[in-house]
Amino acid sequence: MLRDDADAEHARAFEQLGAVADAVLYEGYLLYPYRRSSPKNRVRWQFGVLLPRGWVERFGPVAPGLSGSADSWYQQTECLVRAQNDAVVRLRVRYLQMQHKQVEDAGGSPVESLRTADGTTHLTFDEAIPRETELAVPLAELLDGGRTVDVGAPGGDEYEPLPAAGGRIVRRHRELRAATTVAAEPLAPGLFRLRVRTENTGETADPGSCRNEALRDALIATHTVLGGEGVEFASLIDPPAALAERARGCRNAFTFPVLGGPPPEAAGGEGEGETGPAMLSAPIILPDHPQVAPESPGDLHDAAEIDEILTLRTMLLTDAEKAEARATDPRAARILDRVDSMPREVFERLHGAIRSLTPAGSSASRASDRSTGTHASTGTRASAMTRASTGTRASAGAARPGAPAPEPPAEARASTARADRETPAPERPSPTPQRPAWWQEGGDEGLSPTTDTVLVADVPVGAGSPVLLRPRTRGADAQDMFLDGRPATVAGVFHDVDGSVRLAVTVDDDPAAELHGWYGRFHYFRPDEVEPLATTGTPAAPGRDHDRLRRRPQR
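Under our numbering, the first residue of the sequence shown carries the number 100, and numbering increases by one thereafter.
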């Protein structure tokens, strides 16, 4: 590829990150039901918050870490870049500046709410102004001490009179002082470590003030977009094998960089890793090549949620709730306008999108995950078809009524060994060849959670079986670790779409066990994460508490 063509491609990748960067910028800005009175909208600004250093360190120094949900006074990005001698590094620092909207009555007194003569309600609320600073710096300058630029924002007051002299709205925002330093260091011929550090250099009027007050002097949802000419960034998640050690040496604080732009059309070979023309360093940890799903008609400020669910719930708000949401913030009003006028065909697109129908666990499906998978709401690369569950080992065969129980693999017979629980899970098994794929008609015929059994240490385990919980020390859910060694009763045996098996259990000494069983709320464990307490015989008949597991007839 010619240099001019490559630079044009890099510029496109840089700009294509805009939609994802905007989603990061306004993540959590205002959450459903989009009303000021909602408790979740009274505790805001949770990501990428850079407060004045004196306020953050009033109780001691900040402990560095990747989490962008921790308050800090600085943010640091380090990444690896391959570059030519005449390369130019381009970056864009973006954040929100808080702006307080105060409603005043006709006499000039501050009020929380005011209804004007035209019937419009105005509410006092904290808004935000998007800010960004862009710069392009030759690599040679970055190697020679770097460059520091001012990325702060001015303060000011704005006055908006209300109709019929009924009062006014006063918007105030304080001056923000902040600086970004960009530098590079050589690691090998053509390879450099790029460092971008953004700091809040301002001061707060009162170091002992509450967080809501200190936020007026903060950079909020701070993130950085990186690109340039004659540069190529290496993934820190899946770096090329030759750069893996150096990738681990990158130190990122309160942010993490991922590759931007579209994913590669085909997965690279073993050890090739990933590289790309642009990066997004965000306070929310994302996968490489994050994307906003094409089905999403607009931002709902909650990218980890499902658009269809949020849209349906928003449609069901009462007229009074919608009126309060519209009065809360203009962005909430735009969400309501979009939802209330959404065409049927747009809404139908939200119901789901199939990215791939390749068998789970195959190399083709993994390549498809990398190249085309897009979450229907967040835009992260998670294919709903091929990643319906996490990778697990098929630790035991499943026995169905009328069929002989298969011989369990060795690892199932050794399921009580702690060492086995600490080993990583191998590749997921393919679906059983003789059964139709799970999305095809008849794919779940003959499966019954309340009567199916699974062999664990040569013991058939099914609904009613007493077991001892032994979650893995690696790869287990954090909450499951608290249940290690607790006795439980199996409620059902479930077959996952990838061919693996899960046991639904209730914990025996849980005071709410009967209630959980009644409405079908269970803990789920792999067969090799339990120890049968009954060494022989068949499982006990399931009690009435587990009737919710019985399959309903197909319609």
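Virtual Cβ for every residue (Gly too), placed ideally from N, Cα, C. Just so you know, these numbers come straight off a predicted model, no measurement behind them.
Inter-residue distance for Val180 and Ala120 is about 21 Å (C-alpha atoms, whole angstroms).
Boundaries cannot be given for Gly127, as no alpha helix (DSSP H) includes it and DSSP labels it neither H nor E. A Cβ-Cβ distance of about 5 Å is found for the pair Ala277 and Asn299, placing them in contact under the 8 Å criterion. Within the stretch 140-209, the runs of alpha helix (DSSP H) that reach at least 4 residues and sit entirely inside it are, in chain order, 152-155. Checking the DSSP bridge columns, you'll see Pro237 partnered with Val187.
In the structure shown, Asn351 adopts coil according to DSSP, grouped into three states.
Counting the other CB atoms within 10 Å of its CB gives Val142 a total below 16, which places it among the exposed residues. With a 10 Å radius around the Cβ and a threshold of 16 neighbouring Cβ atoms, Cys309 comes out exposed. Contact between Val324 and Ala377 holds, since their C-beta atoms are separated by about 7 Å, short of 8 Å. In the DSSP annotation of this structure, the continuous segment of the beta strand (DSSP E) that includes Arg294 starts and ends at 290-299. Exclusion of the five residues before and after Glu156 leaves Trp172 as the residues of its chain whose Cβ lies within less than 8 Å of its Cβ. A contact between stretches requires three or more CB pairs, one per stretch, nearer than 8 Å, and the stretch 239-248 fails this requirement with the stretch 260-267.
Phe624 is bridged by DSSP to Leu602. Val236 and Asp185 have their C-alpha atoms spaced approximately 11 Å apart. Its Cα nearest to that of Glu420, the residue Arg135 stands out among Arg135, Gln115, Leu124. Leaving aside the five residues that flank Pro260 on each side, the residues in its chain whose CB is nearer than 7 Å to its CB run, in chain order, Arg267. A check of alpha carbon separations from Leu129 across Arg569, Thr297, Asp225, Glu447 identifies Asp225 as the nearest. With 16 or more other CB atoms across the displayed protein chains lying within 10 angstroms of its CB, Ile434 is buried. Taking a C-beta distance under 7 Å as the contact criterion, Ala252 and Leu275 qualify as a contact pair.
Sequence-distant Cβ neighbours of Ser395 in its own chain, meaning closer than 6 Å and more than five residues away, are Asp406. Taken through DSSP and simplified to helix, strand or coil, Met441 comes out as coil. Shortest Cα-Cα distance from Cys349 to any of Pro389, Glu404, Glu284, Gly359 involves Glu284.
Apart from the 5 residues on each side of it in sequence, Val210 sits with its Cβ closer than 6 Å to the Cβ of Val202, Asp204 in its chain, given in chain order. The beta carbons of Thr279 and Val148 sit no closer together than 7 Å.
Counting along the chain, no alpha helix (DSSP H) covers Ile453, and no H or E run does either.
Gly542 sits in coil when the DSSP states are folded into three classes, being neither helix nor strand. Residue nearest to Arg273 within the set Ala317, Phe291, Thr297 is Ala317 (criterion: CA-CA distance).
Judged by their CB atoms, Ala426 and Thr223 are not nearer to each other than the 7 Å cut-off. Following the DSSP letters along the chain, one finds Tyr618 inside the alpha helix (DSSP H) bounded by residues 612-618. Under the three-state reduction of DSSP output, Glu373 falls in the coil class, being neither helix nor strand. Remark: C-beta atoms of Trp154 and Leu314 do not approach each other more closely than 7 Å. Ranked by Cα distance from Ala432, the options Met414, Arg448, Val445, Arg111 are led by Met414. A contact is defined here as three or more CB-CB pairs under 8 Å, and the stretch 580-596 meets this definition with respect to the stretch 553-568.
DSSP, read as helix, strand or coil, puts Pro132 in coil. Comparing alpha-carbon positions, the option among Glu331, Asp217, Pro363, Val269 lying closest to Arg292 turns out to be Glu331.
According to DSSP, residue pairing for Asp256 in a beta bridge involves Arg271.
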